[in-house]
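Everything below concerns the one structure shown next.
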Amino acid sequence: MKLRLPGRRNRAEAAPDPAADQATQLVKAGGKGRPTPRRHEAQGRRPGPPPPPPTTRKEAYRRMREQQALRKADTRAGAARGDELSLPARDRGPVRKLVRDVVDARRNAGSFFLVVAGLVLVGYFIPNPAVQNYTVFVWFAFFLLIAGDSVFLGRRIKKKVLERFPDQPHRMKGLVWYGISRATMIRRWRFPKPEVAMGADV
50 MKLRLPGRRN
60 RAEAAPDPAA
70 DQATQLVKAG
80 GKGRPTPRRH
90 EAQGRRPGPP
100 PPPPTTRKEA
110 YRRMREQQAL
120 RKADTRAGAA
130 RGDELSLPAR
140 DRGPVRKLVR
150 DVVDARRNAG
160 SFFLVVAGLV
170 LVGYFIPNPA
180 VQNYTVFVWF
190 AFFLLIAGDS
200 VFLGRRIKKK
210 VLERFPDQPH
220 RMKGLVWYGI
230 SRATMIRRWR
240 FPKPEVAMGA
250 DV
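This is how it looks when you write it as structure tokens:
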């Protein structure tokens with residue numbers, strides 16, 4: 050029999066038991082399986098109080114405009130990402146999505162329309178008959194290039210749409226014009242934004 054001095058404990062009694070501490074915390078939590086959060090933590094998770102109602106008509110109108118601007122910004126951001134619910138009616142649907150991918154996956158002559166049109170406009174104001182004649186020739190040649198590229202693009206759109214959606218009725222003229230009008234815009238300015246890389250196999 051070992052004698053034990055008063056005030057001294059065995060090592061087994063002095064060492065804390067992690068399992069016991071955890072069980073104690075669970076009991077204190079009221080059976081929820083987690084410790085009760087501290088007061089400042091619980092207050093940090095609570096939603097703030099609602100703003101006070103507007104006191105004047107001017108303030109109410111200002112709040113309404115802010116909310117409308119916020120909704121428009123969210124809608125436009127979703128449409129730029131290609132969110133189906135945020136897109137305008139003319140851009141919705143898997144068929145329109147396919148047409149956009151076909152246009153965005155190739156290098157279109159129409160993408161340079163604004164650049165060439167700006168150069169032609171500048172050439173018209175140069176008081177030199179030779180430069181003006183050359184400008185008219187460039188404009189006419191570029192117009193023929195756009196026409197030929199648009200015909201090729203229209204055929205490609207028809208082919209892809211009939212391959213992917215053969216059992217659906219399609220308004221091909223509308224789809225082709227939708228693709229050609231998108232092809233005349235600079236790639237970074239297109240809306241919704243392109244979702245396929247240049248040269249991708251659509």
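In the working numbering, the protein residues as written are 50 to 251.
Glycine residues also receive a C-beta, built at the ideal position from the N, C-alpha and C atoms.
Checklist entry - Leaving out five residues before and five after glycine 172 in sequence, what residues of the same chain have Cβ atoms less than 6 Å from its Cβ? => result Within the sequence shown, residue 172 is the residue found at index 123, counting from 1. Hits under 6 Å: Val180 and Thr184.
Next on the checklist: At the level of alpha carbons, what is the spacing between arginine 111 and methionine 234?
Outcome noted: Taking the first residue of the sequence shown as 1, we reach residue 111 at position 62. Taking the first residue of the sequence shown as 1, we reach residue 234 at position 185. One C-alpha to the other measures close to 36 Å.
Item to check | Start-to-end residues for the alpha helix (DSSP H) that takes in aspartate 250 | outcome: Taking the sequence shown and counting its residues from 1, one reaches residue 250 at position 201. First-last for aspartate 250: undefined, no H or E at that position.
Checklist entry - Going straight from the alpha carbon of proline 100 to that of alanine 109, what length do you get? => result Translated into positions along the sequence shown, residue 100 becomes position 51. Translated into positions along the sequence shown, residue 109 becomes position 60. Between proline 100 and alanine 109, the C-alpha separation is close to 12 Å.
Item to check | Three-state class that DSSP yields for arginine 213 in the structure shown | outcome: Your numbering for residue 213 matches position 164 in the sequence shown. Residue state, collapsed to three classes: helix.
Checklist entry - When burial is assigned at 16 or more other CB atoms within 10 Å of the CB, is alanine 232 buried or exposed? => result As a position in the sequence shown, residue 232 is number 183, starting the count at 1. Its Cβ being crowded by 16 or more others within 10 Å, alanine 232 is buried.
Next on the checklist: Buried or exposed for valine 189, going by 16 or more other Cβ atoms inside 10 Å?
Outcome noted: Here residue 189 refers to the residue found at position 140 of the sequence shown. According to the sequence provided, residue 189 is phenylalanine. The question's valine does not apply to it. Answer is exposed; the Cβ neighbour count stays below 16.
Checklist entry - Quick check: the stretch 219-228 against the stretch 196-210, are there 3 or more CB pairs under 8 Å? => result yes
Checklist entry - CB-CB under 7 Å to arginine 145, same chain, minus the five flanking residues each way: which ones, in chain order? => result Sequence index remark: in the sequence shown, residue 145 carries index 96 (1-based). Around arginine 145: Tyr227.
Checklist entry - Could you give the distance in angstroms between the alpha-carbon of arginine 142 and the alpha-carbon of alanine 122? => result Reading the sequence shown from its first residue, position 93 is the one you call residue 142. Reading the sequence shown from its first residue, position 73 is the one you call residue 122. Per the sequence shown, the amino acid found at residue 142 is glycine instead of arginine. Rounded to the nearest angstrom, the two C-alpha atoms are 22 Å apart.
Checklist entry - What residues in its chain sit with their C-beta under 7 Å from that of methionine 221, if we drop five residues either side in the sequence? => result As a working note, residue 221 is residue 172 in the sequence shown. Hits under 7 Å: Lys207.
Checklist entry - Straight-line CA distance for proline 178 to phenylalanine 214? => result To locate residue 178, count along the sequence shown from 1; it is residue 129. To locate residue 214, count along the sequence shown from 1; it is residue 165. Straight-line Cα distance between these residues: approximately 53 Å.
Checklist entry - What's the C-alpha gap between lysine 209 and glutamine 117? => result Taking the first residue of the sequence shown as position 1, residue 209 is located at position 160. Taking the first residue of the sequence shown as position 1, residue 117 is located at position 68. Taking the straight line joining both Cα atoms gives about 39 Å.
Next on the checklist: Can you tell me whether alanine 158 is buried or exposed? The criterion is at least 16 other CB atoms within 10 Å of its CB, across all chains shown.
Outcome noted: The residue labelled residue 158 in the question sits at position 109 within the sequence shown. Alanine 158 is buried by the Cβ-count criterion.
Checklist entry - Should isoleucine 195 be labelled buried (16 or more other beta-carbon atoms within 10 Å of its own) or exposed? => result Position 146 of the sequence shown, counted from the start, is the residue given in the question as residue 195. It counts as buried.
Next on the checklist: Spatial neighbours of valine 152 within its chain, please: C-beta separation below 6 Å, excluding the five flanking residues on both sides.
Outcome noted: One-based indexing of the sequence shown puts residue 152 at position 103. Close CB contacts of valine 152 within its chain, under the 6 Å cut and outside five residues either way in sequence, are with Gly228, Arg231 and Ala232 (chain order).
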